[in-house]
Structure formats: C-alpha cells, structure tokens
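So that you can map any letter, position 303 of the sequence shown is 303 in the working numbering, and since no number is skipped, the others follow by simple counting.
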Amino acid sequence: MKFDDEPVPGYSLPILPGHVSPGRLERVLRAGKFAITSEIDPPDSADPAEVLKRAAIFDGYVDAINATDGSGAHCHMSSVGVCSLLTRVGYATILQMSCRDRNRIAMQGEILGAAAMGACNLLCLTGDGVQAGDHPQAKPVFDLDSMSLLEIARSMRDECRFQSGRRIELPPRIFLGAAENPFVPPQAWRPHRVAKKVAAGAQFIQMQYCFDVPQLRDFMSGLGDLGLLEGPERVFVLPGIGPLASARSARWIRDHVPGVHIPDAVIARLEGARDQKEEGKRLCMELLHRIREIPGVSGAHIMAYRQEHTVAEIIEATGVLEGRVPWYPGRDDPSQRNPESPEASPEAEPLQG
Numbered sequence: 001m002k003f004d005d006e007p008v009p010g011y012s013l014p015i016l017p018g019h020v021s022p023g024r025l026e027r028v029l030r031a032g033k034f035a036i037t038s039e040i041d042p043p044d045s046a047d048p049a050e051v052l053k054r055a056a057i058f059d060g061y062v063d064a065i066n067a068t069d070g071s072g073a074h075c076h077m078s079s080v081g082v083c084s085l086l087t088r089v090g091y092a093t094i095l096q097m098s099c100r101d102r103n104r105i106a107m108q109g110e111i112l113g114a115a116a117m118g119a120c121n122l123l124c125l126t127g128d129g130v131q132a133g134d135h136p137q138a139k140p141v142f143d144l145d146s147m148s149l150l151e152i153a154r155s156m157r158d159e160c161r162f163q164s165g166r167r168i169e170l171p172p173r174i175f176l177g178a179a180e181n182p183f184v185p186p187q188a189w190r191p192h193r194v195a196k197k198v199a200a201g202a203q204f205i206q207m208q209y210c211f212d213v214p215q216l217r218d219f220m221s222g223l224g225d226l227g228l229l230e231g232p233e234r235v236f237v238l239p240g241i242g243p244l245a246s247a248r249s250a251r252w253i254r255d256h257v258p259g260v261h262i263p264d265a266v267i268a269r270l271e272g273a274r275d276q277k278e279e280g281k282r283l284c285m286e287l288l289h290r291i292r293e294i295p296g297v298s299g300a301h302i303m304a305y306r307q308e309h310t311v312a313e314i315i316e317a318t319g320v321l322e323g324r325v326p327w328y329p330g331r332d333d334p335s336q337r338n339p340e341s342p343e344a345s346p347e348a349e350p351l352q353g
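This is how it looks when you write it as structure tokens:
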C-alpha cells in the first residue's frame with residue numbers, strides 16, 4: 001500500500017485524524033486491510049547488518065515486524081536496539097516490552113527513546129519468568145504487569161505526563177498493543193480479560209498460536225458481545241499462526257511452551273504425512289484462510305521460528321494481501337533496496353490508496 005503523503009524512508013508518516021501514531025500498521029488496520037505481522041529473532045550479536053538481513057526476508061509480505069524482548073527469558077540484542085536499526089531505514093516495527101527486566105523508571109524512559117527513534121507500535125507484555133531462560137539466577141523485576149504498563153503508556157501519550165505526574169513536553173505517538181491467549185482456561189473469561197486491556201489502553205491484540213479455529217470463533221464472538229469489535233472501543237485482533245516443522249516439534253511446543261494448545265488431530269495429521277514440514281506449511285495456509293473469514297479478525301501474526309523463509313511462501317499461496325505489497329526499503333526505488341532483500345516480483349504492483 002502506497003500512501004499519497006509518503007515521506008522519504010526513515011521518516012514518519014503524518015498522523016491522520018482519528019489516529020494516534022504516524023505508523024503504517026495503524027493506517028493499514030484503520031483502512032480495513034487484512035494486516036500481516038511477523039517477528040524476527042534478535043541476534044546474539046552487535047552486528048547491525050545481521051538485523052537488516054533477518055528483516056529483509058519479509059520484504060513485501062508483512063506490514064510490521066515484531067522485535068522480541070528477551071523472549072523466553074533468553075538474552076539477545078534488545079528490542080529497542082532492533083527497532084532503532086529497522087526504523088532508521090523505514091521498516092514498520094512493533095516494540096515488544098517485557099515487565100520482567102525493568103522498573104517503571106526505565107520503561108518510561110525507554111518508551112520515550114524508542115518513540116524518538118521512530119518506533120510507532122508498542123506491545124506491552126508481562127514477560128516470562130527468569131527461571132525459564134538462560135539466566136535463572138537473574139533477579140526478576142516485575143515492577144509492573146502488562147495492564148499497568150498499558151495504562152502508563154497511554155497516560156504518557158494522551159495526558160503528556162509520567163506516572164509521577166511530571167509533564168512530558170512532547171509525548172510518544174504510539175499505537176498500543178497487548179497479547180492474549182484465548183486457549184487457556186477458563187476460556188469464557190478471556191474476552192473479559194481483553195476488555196480490561198482495552199480499557200487500560202490496548203488498541204490491537206496479537207495472539208498466541210491458534211490451531212483450534214472453533215475455539216477462536218467462540219473467543220471472537222465473545223469480543224463482539226462485549227462491543228470490542230466496532231465503535232470507539234474497537235480493538236484490532238491478529239491471531240497467531242505458524243508452520244509446524246514436525247509432529248515431534250508440535251508435541252514439544254505443546255508440552256513446554258505455556259498456553260499453546262495443539263489438538264491431537266493436528267499432531268496425528270503431521271504424523272501421517274510423508275513430508276511433515278510441508279504438511280506443517282499446508283496446515284498453516286489452511287488456518288490462515290479459515291481465520292481470515294472469522295468476523296472481527298483484522299489480520300494475522302505469523303510466528304515462524306527458524307522457518308522465517310516460509311512466510312513469503314505462505315502469504316503468496318493464500319493471497320491474503322489481495323495484491324497489495326506492504327512497504328519495504330527500496331520497494332518504490334530499487335536503488336535504495338536493502339541489499340539483503342530478495343528481488344521483488346516484476347508482476348507485483350503496489351496498491352495505491
């Protein structure tokens with residue numbers, strides 16, 4: 001999608017009436033387009049070229065890239081560092097912020113710094129416990145949880161003040177998000193939990209992996225009953241999907257990743273396939289088609305850990321972008337293209353609008 005008021009790469013779009021951020025993701029969602037987000041695994045390196053290389057694999061296929069924040073309580077390059085490198089060349093990023101590692105002083109300062117560097121989207125997370133990661137001896141902070149972080153970030157943006165009450169001269173213009181998992185019992189309570197996050201400031205929701213479409217439909221119906229899918233309190237919902245590499249990996253994820261629900265039928269299907277990795281991709285494509293048809297779903301968040309190269313294939317095969325080409329460095333000027341980016345298809349034309 002190309003906007004009429006496109007700036008030069010690395011500079012933010014103007015903020016439209018009714019919008020809170022200068023970001024592409026908010027524009028795509030409010031325009032009613034089916035948005036695609038994905039995420040990169042930050043490197044165990046200080047090499048900026050490695051970050052750009054990991055992002056380039058999504059060129060032309062995703063509307064925003066999540067920079068994870070110590071996912072699984074493992075140490076990597078910081079989320080704010082990744083976002084800084086990517087926004088510098090114009091990528092739309094989603095800054096993940098975990099409450100595990102920083103207190104409210106550090107987090108408020110980081111929100112201002114990230115916004116100053118061009119990060120337009122903030123995903124507020126409580127975070128995994130340190131015992132799950134590679135530094136179990138670390139001292140957890142958890143000064144805030146995701147709900148209180150949302151409230152503070154919204155106050156910084158809308159009321160121009162820190163939690164202390166001290167005034168902020170120029171507030172962060174950020175689109176606020178939260179995570180949700182509709183597959184954790186009690187499922188009937190999950191829509192109400194989203195309602196609390198929306199009341200705290202959440203404007204979009206990214207979900208955990210979805211392999212149970214009927215259960216997702218029930219969850220979306222619950223959000224609709226609470227009035228969260230339309231009107232001024234509307235929240236944009238992006239269910240999570242991803243390709244499973246094998247039945248063995250599916251079992252491991254189900255047993256070791258908290259909150260991931262993978263039905264036995266999915267594992268049986270993978271076990272019965274001649275090529276389990278290809279079957280995992282086909283399953284992901286089918287899920288994307290089915291999820292897209294659920295009323296209220298605004299997009300999908302594709303998590304393809306160590307299979308990031310499959311994201312483009314999944315998007316191409318499903319046609320969910322309906323011909324539009326999300327912006328990436330060099331899309332409109334090949335001389336500025338990220339050298340790590342795959343060559344764009346000559347048939348791909350950006351959708352004007």
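Where is the CB? At the ideal position from N, CA and C, for every residue including glycine.
1) When we look at the beta-carbon of I105 and count the other beta-carbons within 10 Å, is it buried (16 or more) or exposed?
2) Using 10 angstroms around the beta-carbon of I40, count the other beta-carbons present and answer buried if the total reaches 16, otherwise exposed.
3) When the Cα of C75 is compared with those of S98, V237, G113, which residue comes out closest?
4) Check the C-beta distance from R284 over to P243 and give it rounded, since I have them as a contact under 8 Å.
5) Mind pulling the beta strand (DSSP E) runs of 3 or more residues that sit fully within the region 173-251?
6) Specify whether the region 85-92 and the region 116-128 touch according to this definition: at least 3 beta carbon pairs, one from each stretch, less than 8 Å apart.
7) To the nearest angstrom, how far is the alpha carbon of P182 from that of L216?
8) For the structure I just gave you, are there three or more beta carbon pairs, one from the region 247-257 and one from the region 222-239, closer than 8 Å?
9) Here's the rule: buried if 16 or more other CB atoms are within 10 angstroms of the residue's CB, otherwise exposed. What is Q206?
10) Looking at the unbroken beta strand (DSSP E) that takes in E39, where does it start and where does it end?
11) Given that a residue counts as buried once 16 or more other Cβ atoms are within 10 Å of its Cβ, and exposed if not, what is S164?
12) Does the region 172-187 come close enough to the region 5-22 that 3 or more CB-CB pairs lie under 8 Å?
13) List the whole-angstrom C-beta distance separating I302 from I314, where the pair is believed to meet the contact cut-off of C-beta under 8 Å.
14) Between which two residues does the beta strand (DSSP E) carrying L125 extend?
15) From N103 to D218, what does the alpha carbon distance come to, in whole angstroms?
16) Hey, how far is the Cα of A64 from the Cα of G272?
17) Which residues in the same chain as R154 place their Cβ atom closer than 8 Å to its Cβ, once the five residues preceding and following it in sequence are excluded?
18) Can you tell which of L125, R24, P326 has the C-alpha that lies nearest to the C-alpha of D59?
19) Have a look at I152, D158, G280 and flag the residue whose alpha-carbon is nearest the alpha-carbon of T310.
20) Taking just the CA atoms, how far does K277 sit from R290?
21) Looking only at its own chain, which residues have a Cβ that is under 7 Å from the Cβ of Q307, when we skip the five neighbours before and after it?
22) Which of the three DSSP states is assigned to G299 in this structure?
23) Let me know the secondary structure DSSP gives R154 once reduced to three states.
24) Apart from the five residues just before and just after L16, which ones in its own chain have a Cβ nearer than 6 Å to its Cβ?
25) Report the three-state DSSP secondary structure of I94 (helix, strand or coil).
26) Could you tell me how far apart the beta carbons of A92 and L125 are, in whole angstroms, since I believe they sit closer than 8 Å?
27) Suppose the cutoff is 6 Å on Cβ atoms and the five residues either side in sequence are ignored; what does the same chain contact list for F3 look like?
This is what the structure holds:
1) exposed
2) buried
3) S98
4) Position check: residue 284 holds Cys in this sequence, whereas Arg was assumed. Rounded, the Cβ-Cβ distance is 4 Å, consistent with contact.
5) 175-180, 204-209, 236-241
6) yes
7) 7 Å
8) no
9) buried
10) 35-40
11) exposed
12) yes
13) 7 Å
14) 121-125
15) 36 Å
16) 35 Å
17) L176, A200, G201
18) P326
19) G280
20) 20 Å
21) P243, A245
22) strand
23) helix
24) none
25) strand
26) With a Cβ gap of about 19 Å, A92 and L125 do not count as contacting.
27) none
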